[in-house]
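Chains as they are written, first to last, in my numbering: chain P, 17 to 238; chain R, 16 to 264.
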Ligand SMILES: Nc1ncnc2c1ncn2[C@@H]1O[C@H](COP(=O)(O)OP(=O)(O)OP(=O)(O)O)[C@@H](O)[C@H]1O
Ligand SMILES: [Mg+2]
């Protein structure tokens, strides 16, 4: 069987690519903010706040992403709450990655030595100042390698949104393939584009890591 | 008026009563040294004084203000009490300069330029002007401890608490830290120092407090404590510690 490649696929796939990147960026940043708050809640809060944050993390880590996506998009519609596919995708995947990021942040915050907090408090810093100026700058450096992995996972996981009708990279690929039946070639091109993105992200984050590196504050690669 | 008054301090961890009614005072410009066996509550006492640990009972006054009162703004009080830790606890992600500057900028809300000048002055005072841009991991233990003293000094504290400031150091690095502390004592800083450095205690302290099992067993001027202790336990402890560490160390 001969392989076929058509240049005209690329502009279409390019539009899908833009959507994939936008979706990834939106949910990873939503997840970062929410994840950080969840981590802080699980570490420092007591009572209902701690309990809610923990339940949240366990729920979103313990159930399949696809189920979560369908619950947001189709499930909530039954209650009269409906979103466009794009909004559903961002919400479901943002909520999901928040739970994973919360665990990474929590581990990194715990890895910051207790003496650092004591020293900050002894200067008269408040709890928020201590977290903001002493704990987070160290924790974020420690978490970056794990966080890079999460970003790569998210980028790949966004490919499930074609199931709620979004024309992302995967969705566009599927449309092209089902009209010309060149499944292998089209999906191979799609895969290569994902791979290129992953490599760019990985390389970019390594540069960031090197830039913010501080002697004696080693990030653990996994 | 005493700068610091500690009255009947109690602290318990679970079943263990770590502080069992500790009282003493510290006059302005005075250096008091606390000695005593391990696990006696010396660190707990220091941490209670700036309320990094909450005492269960007892009261503390700083400059006539009761700082154990629930209404007091503890952050404002802590900013007036320097704390030097056994293992330095310099902020790992910050240079020496930024370590000294952070409290000035964030707690004292000093403009950045002024804070930088002040921090550089304090680093020069501990002999580390040339290390301003080094990170803690790039400094020796002795240098790290001197930076941490500079960090405390920059805040213009009324009092500095030292918790075994030389115990984590290699023997050859102890001297440089003690020198800085001796200069401070001479310069009129009020200091409360937990240490096993008997040479320092003997020559620098105005008074020595011997603590054991959560109480003050004996206190008095170094001459009295070292040459004619009233309590046998004091003599016994001093003999042991001198055997272990030697006269100077
Ligand atoms: N946060 C804590 N939780 C539980 N127990 C503690 C805590 N801090 C101290 N202790 C206990 O209180 C006792 C006194 O400890 P502390 O550190 O004050 O003694 P110390 O005199 O400073 O001893 P060292 O010379 O070893 O530093 C010890 O038995 C210790 O185990
Ligand atoms: Mg101690």
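For every residue, glycine included, the Cβ atom is placed at its ideal position computed from N, Cα and C. All values derive from a computational prediction rather than experimental measurement.
Alpha-carbon to alpha-carbon, residue 23 of chain R and residue 237 of chain P: For residue 237 of chain P, the pLDDT reaches just 48, beneath the cut-off of 50, and the residue's location in the model is therefore unreliable, although a value from the coordinates is still provided. The straight-line gap from Cα to Cα measures roughly 51 angstroms.
Cross-strand partners of residue 27 of chain R (DSSP beta bridge): Bridge partners of residue 27 of chain R according to DSSP: R:32.
Short of 6 angstroms in beta carbon distance, which residues of its chain neighbour residue 166 of chain R, apart from the five on each side in sequence? Order them along the chain. If we look at residue 166 of chain R and ignore the five residues flanking it on each side, its Cβ neighbours are 114, 115.
Given 8 angstroms, three or more beta-carbon pairs between the segment 223-236 of chain R and the segment 195-203 of chain R: Using a Cβ-Cβ distance cut-off of 8 angstroms, the segment 223-236 of chain R and the segment 195-203 of chain R are not in contact, since fewer than three pairs of beta carbons, one from each stretch, lie closer than that value.
Following the continuous alpha helix (DSSP H) through residue 257 of chain R, name the residue where it begins and the one where it ends. Run containing residue 257 of chain R: 247-260, per the alpha helix (DSSP H) assignment.
Quick one: which chain A residues come within Cβ less than 7 angstroms of residue 152 of chain R? The structure shown contains no chain A; its protein chains are P and R.
Out of R:220, R:119, R:216, which has the shortest C-alpha to C-alpha gap to residue 45 of chain R? Of R:220, R:119, R:216, the residue nearest in Cα terms is R:220.
Pick out whichever of R:242, R:122, R:134, R:183 has its Cα sitting closest to the Cα of residue 146 of chain P. If you compare the alpha carbons of R:242, R:122, R:134, R:183 with that of residue 146 of chain P, the shortest gap goes to R:122.
Local Cβ density within 10 Å of residue 116 of chain P, reported as buried at 16 or more and exposed below that: Looking at its Cβ environment, which holds 16 or more other Cβ atoms inside 10 Å, residue 116 of chain P is buried.
Taking only beta carbons into account, state which residues of the segment 131-158 of chain P come closer than 8 angstroms to chain R, listed in chain order. Within the segment 131-158 of chain P, the qualifying residues are 131, 132, 134, 135, 136, 137, 138, 139, 140, 141, 142, 145, 149, 150, 153, 154, 157.
In chain P, what lies closer than 7 angstroms to residue 102 of chain R by C-beta? Within 7 angstroms Cβ-Cβ: 131.
At least one CB of chain P closer than 7 angstroms to the CB of residue 9 of chain R: is that the case? One cannot answer for residue 9 of chain R here, as it falls past the ends of chain R, which runs 16 to 264.
Going by other Cβ atoms of all chains shown within 10 Å of its Cβ, with 16 needed for buried, is residue 139 of chain R buried or exposed? Residue 139 of chain R comes out exposed.
Can you list, in chain order, the residues of its chain whose CB lies under 6 angstroms from that of residue 264 of chain R, leaving out five sequence neighbours each side? Residue confidence for residue 264 of chain R is low, a pLDDT of 42 falling below 50, so the modelled location carries little weight and cannot support an answer.
Are there three or more Cβ pairs, one per stretch, closer than 8 angstroms when the segment 104-116 of chain P is compared with the segment 50-59 of chain P? Yes, since at least three Cβ pairs between the segment 104-116 of chain P and the segment 50-59 of chain P fall closer than 8 angstroms, the two stretches touch.
Can residue 83 of chain P and residue 104 of chain P be called in contact, C-beta distance under 7 angstroms? No; because the gap between Cβ atoms is not below 7 angstroms, this pair is not in contact.
From P:77, P:135, P:81, P:114, residue whose alpha carbon lies closest to that of residue 102 of chain R: Distance from the Cα of residue 102 of chain R is smallest, within the candidate group P:77, P:135, P:81, P:114, for P:135.
Residue 249 of chain R beta carbon less than 7 angstroms from that of residue 238 of chain R: Their beta carbons are not under 7 angstroms apart, which means residue 238 of chain R does not touch residue 249 of chain R by this criterion.
Taking CB distances under 7 angstroms as the criterion, tell me whether residue 59 of chain R reaches chain P. Chain P has no Cβ within less than 7 angstroms of the Cβ of residue 59 of chain R.
What are the boundary residues of the beta strand (DSSP E) that includes residue 208 of chain R? First-last of the beta strand (DSSP E) with residue 208 of chain R: 206-209.
Below 5 angstroms from a heavy atom of ligand 1 - residues by beta-carbon: Those residues, listed in chain order, are R:28, R:33, R:53, R:54, R:55, R:56, R:57, R:58, R:59.
Establish whether the CB of residue 67 of chain R and some CB of chain P are separated by less than 7 angstroms. Yes, contact with chain P.
Residue 95 of chain R (DSSP reduced to helix, strand or coil): In the structure shown, the three-state DSSP call for residue 95 of chain R is coil.
Starting from residue 111 of chain R, find everything on chain P with Cβ-Cβ shorter than 9 angstroms and list it in chain order. In chain order: nothing, as chain P lies at least about 12 angstroms away.
Contained alpha helix (DSSP H) runs [length at least 4] in the segment 167-234 of chain P, N- to C-terminal order: Whole alpha helix (DSSP H) segments, 4+ residues: 185-196, 199-228.
Endpoints, beta strand (DSSP E) assigned at residue 226 of chain R: Residue 226 of chain R: member of the beta strand (DSSP E) spanning 222-227, first to last residue.
Give a yes or no on whether 7 angstroms exceeds the smallest Cβ distance from residue 118 of chain R to chain P. By this cut-off, residue 118 of chain R is an interface position.
For chain P, check one thing: does any of its Cβ atoms lie closer than 7 angstroms to the Cβ of residue 122 of chain R? So, interface residue.
Ends of the alpha helix (DSSP H) at residue 71 of chain R? The continuous stretches of alpha helix (DSSP H) do not include residue 71 of chain R, and DSSP gives it neither H nor E.
Per DSSP, residue 19 of chain R is paired with what? In the DSSP output, where bridge partners are listed per residue, residue 19 of chain R has R:41, R:77.
The alpha helix (DSSP H) spanning residue 37 of chain P covers which residue range? Counting along the chain, the alpha helix (DSSP H) containing residue 37 of chain P begins and ends at 25-60.
CB-CB under 8 angstroms to residue 81 of chain P, same chain, minus the five flanking residues each way: which ones, in chain order? These residues qualify, in order along the chain: 108, 109, 112, 173, 176.
Please indicate yes or no: does the CB of residue 20 of chain P lie closer than 6 angstroms to some heavy atom of ligand 4? As for ligand 4, it is missing from this structure, which binds only ligand 1 and ligand 2.
When DSSP labels each residue in this structure, what does residue 238 of chain P get in the three-state scheme? Bear in mind that the predicted position of residue 238 of chain P carries a pLDDT of just 43, short of 50, making it too unreliable to give a figure here.
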